[in-house]
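Trainee:
In structure tokens, the structure reads:
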């Protein structure tokens with residue numbers, strides 16, 4: 351009967367389904383498979399998901415009591431963290447000792463930070479909706495080739511080339527100067543970036559966020575990069591790497607009250623679609639430095655648009671702010687590995703989980719997507735499809 355249905359009707363019907371159901375539908379008949387394996391359907395599905403489906407959060411934590419790692423997907427209608435959909439990452443790198451670099455359009459990027467592990471400095475791209483995982487080749491800049499180094503990294507999607515990218519910033523013996531390299535999923539290889547590195551320090555192992563086509567880190571300027579200036583020129587800033595043009599943009603200023611605060615422990619975040627700053631840790635900090643407020647930049651790139659949303663009222667030292675639920679709650683880890691849910695508007699606090707391992711905790715917006723499949727399809731006809739330019743405008747994908 352499907353042969354009597356127009357293509358437009360089939361697309362409109364299938365784009366409403368989750369990824370797993372769409373994959374099953376590829377087995378219905380050749381026509382359905384050919385429709386699903388087109389850039390028109392894949393972007394139509396993403397547009398529909400962004401415009402009509404409720405925001406989803408992907409949540410990862412390790413339960414010490416049951417010695418189990420959890421990865422789950424939650425919609426805005428869920429009673430977080432119950433009523434979840436369990437997800438899986440098929441690669442062994444997905445365990446509590448490994449870090450999630452970030453997520454973008456259906457893929458998670460994982461890395462291993464443990465120098466004692468045989469997987470040290472390895473990276474994996476994982477699609478937990480299918481599930482499927484890809485082990486990336488080792489980076490060019492690593493301990494065996496350059497000795498001891500500090501590193502920061504980010505993960506995102508380049509809409510111009512329709513490619514997923516991993517960026518690494520490696521600091522060697524001189525922390526002022528850095529080396530930058532990028533992995534692109536399309537080429538399957540790492541390559542060095544010739545553009546200058548950031549004129550500042552990204553806080554080691556800090557969280558990065560992908561927003562407006564760029565990776566963002568919390569960091570600070572380094573007076574040693576400007577010998578003519580005094581030590582008091584240190585400023586806290588947000589470091590920005592443009593994934594499309596593969597270069598570091600000018601710093602984004604932090605709120606004026608945080609500009610010259612030393613040892614400021616904050617991290618970047620995406621809050622309600624805005625670039626934000628949240629507390630990272632207040633352990634061992636004096637009251638003047640112990641920050642428990644959440645800020646957002648209402649107009650991207652405009653320093654004057656920074657606005658304090660609320661204070662996190664937790665009568666204990668904050669180990670880490672994990673993220674935000676869809677109903678406005680803030681997930682906070684405090685000492686004793688207690689996972690707290692703070693509701694800023696009412697000031698209520700509830701303990702939902704005791705015995706969480708702090709390091710694997712991860713909570714971010716997650717969008718299921720078939721974009722990864724777009725790179726793998728043989729119907730690209732020798733790459734002519736790459737001439738189509740795509741970008742996201744107000745939640746929709748636009749072609750030129």
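Residue numbers (the working numbering): 351 to 750.
Virtual Cβ for every residue (Gly too), placed ideally from N, Cα, C.
Would you mind stating whether residue 492 and residue 461 have Cβ atoms separated by less than 8 Å?
Mentor: No; because the gap between Cβ atoms is not below 8 Å, this pair is not in contact.
Trainee: Kindly indicate which three-state DSSP category residue 355 falls into: helix, strand or coil?
Mentor: Of the three classes helix, strand and coil, the one that applies to residue 355 here is coil, per DSSP.
Trainee: Could you pull the start and end residues of the beta strand (DSSP E) that residue 617 belongs to?
Mentor: Its beta strand (DSSP E) spans residues 616-621.
Trainee: What's the call for residue 496, buried or exposed, on a 16-neighbour Cβ count within 10 Å?
Mentor: The residue in question, residue 496, is exposed, as its Cβ has fewer than 16 Cβ neighbours within 10 Å.
Trainee: Starting from the C-beta of residue 494, find all residues in its chain whose C-beta is less than 8 Å away, skip the five residues before and the five after it, and write them out in chain order.
Mentor: Here the set comprises nothing.
Trainee: Pick helix, strand or coil for residue 455, following the three-state DSSP scheme.
Mentor: It is coil, neither helix nor strand.
Trainee: Are residue 499 and residue 520 touching if we call contact CB-CB under 8 Å?
Mentor: It is a contact, given that the beta carbons lie within the stated cut-off.
Trainee: Give me the Cα-Cα distance between residue 659 and residue 645, rounded to the nearest whole angstrom.
Mentor: Near 6 Å, if we compare the C-alpha coordinates of residue 645 and residue 659.
Trainee: DSSP three-state label for residue 362, please.
Mentor: Residue 362 falls in the helix class under three-state DSSP.
Trainee: To the nearest angstrom, how far is it from the Cα of residue 670 to the Cα of residue 478?
Mentor: The straight-line gap from Cα to Cα measures roughly 25 Å.
Trainee: For the candidate residues 505, 622, 662, 648, whose alpha-carbon lies nearest to that of residue 406?
Mentor: The residue with the shortest Cα to Cα distance from residue 406 is 622.
Trainee: Below 7 Å CB to CB, which residues in the same chain sit around residue 734 once its five sequence neighbours on both sides are set aside?
Mentor: Only weak support exists for where residue 734 lies, its pLDDT of 32 falling under 50; the coordinates are left without a value.
Trainee: What are the start and end residues of each continuous beta strand (DSSP E) run of 3 or more residues lying completely inside the segment 490-540, in chain order?
Mentor: Fully enclosed beta strand (DSSP E) runs of 3 or longer: 500-508, 513-521, 528-534.
Trainee: Spatial neighbours of residue 721 within its chain, please: C-beta separation below 6 Å, excluding the five flanking residues on both sides.
Mentor: Counting only Cβ-Cβ distances below 6 Å, and skipping sequence neighbours, we find 455.
Trainee: What would DSSP say about residue 586, mapped onto helix, strand or coil?
Mentor: Correct three-state label for residue 586: strand.
Trainee: Mind the definition here: the segment 380-394 touches the segment 408-422 only if three or more C-beta pairs lie below 8 Å; say whether that holds.
Mentor: Cβ pair count under 8 Å is below three, so no.
Trainee: Rounded to the nearest angstrom, what separates residue 610 and residue 647 at their Cα positions?
Mentor: Distance between the alpha carbons of residue 610 and residue 647: 18 Å.
Trainee: If we count Cβ pairs, one from each stretch, closer than 8 Å, do we get three or more for the segment 558-568 versus the segment 590-600?
Mentor: At 8 Å Cβ cutoff, the stretches touch.
Trainee: Using C-beta distances below 7 Å, list every residue in its chain close to residue 604, excluding the 5 sequence neighbours before and after it, in chain order.
Mentor: Closer than 7 Å at Cβ, skipping near neighbours: 586, 587, 588, 627.
Trainee: Who are residue 388's beta bridge partners in DSSP?
Mentor: BP columns for residue 388 are empty, so no partner.
Trainee: Report yes if the CB atom of residue 543 is closer than 8 Å to the CB atom of residue 617, and no otherwise.
Mentor: No, the Cβ-Cβ distance between residue 543 and residue 617 is not below 8 Å.
Trainee: Any idea what DSSP makes of residue 609, helix, strand or coil?
Mentor: Note: residue 609 maps to coil in three-state DSSP.
Trainee: With burial defined as no fewer than 16 other Cβ atoms inside 10 Å of the residue's Cβ, what is the status of residue 539: buried or exposed?
Mentor: Exposed is the call here.
Trainee: Whole angstroms is fine: what's the gap from residue 652's alpha carbon to residue 396's?
Mentor: The straight-line gap from Cα to Cα measures roughly 30 Å.
Trainee: What is the rounded straight-line gap between the Cα of residue 507 and the Cα of residue 693?
Mentor: Each residue's alpha carbon lies about 32 Å from the other.
Trainee: Residues in the same chain with beta-carbon distance under 6 Å from residue 547, minus the five sequence neighbours each way, listed in chain order, please.
Mentor: Excluding residues within five positions, the ones whose Cβ falls inside 6 Å are 528, 530.
Trainee: Rounded C-beta distance between residue 601 and residue 550? I'm assuming under 8 Å.
Mentor: That belief holds up - the Cβ atoms of residue 601 and residue 550 are roughly 7 Å apart, short of 8 Å.
Trainee: Within 10 angstroms of the Cβ of residue 358, are there 16 or more other Cβ atoms? Answer buried if so, exposed if not.
Mentor: The residue in question, residue 358, is exposed, as its Cβ has fewer than 16 Cβ neighbours within 10 Å.
Trainee: Enumerate in chain order the residues of its own chain whose CB-to-CB distance from residue 451 is below 6 Å, with the five nearest sequence positions on each side excluded.
Mentor: Contacts found: 459, 461, 503, 505.
Trainee: By Cβ distance below 6 Å, which residues in the same chain neighbour residue 449 in space, the five residues on each side in sequence not counted?
Mentor: Only 461, 463 meet the Cβ criterion.
Trainee: If you draw a straight line from the alpha carbon of residue 552 to that of residue 421, how long is it in whole angstroms?
Mentor: Distance between the alpha carbons of residue 552 and residue 421 is about 28 Å.
Trainee: So residue 466 and residue 489 are supposed to be a Cβ contact under 8 Å. How far apart are they, rounded?
Mentor: In fact, because the Cβ distance is near 19 Å, the residues do not count as touching under 8 Å.
Trainee: For residue 680, list the residues DSSP reports as bridge partners.
Mentor: Paired residue(s): 674, 692.
Trainee: Taking only the alpha-carbon atoms, compute the straight-line gap between residue 371 and residue 514 and give it to the nearest angstrom.
Mentor: Approximately 24 Å between the Cα atoms of the pair.
Trainee: Suppose contacts are defined by Cβ-Cβ distances below 8 Å. Is residue 419 in contact with residue 412 by that definition?
Mentor: Going by C-beta atoms, residue 419 is nearer than 8 Å to residue 412.
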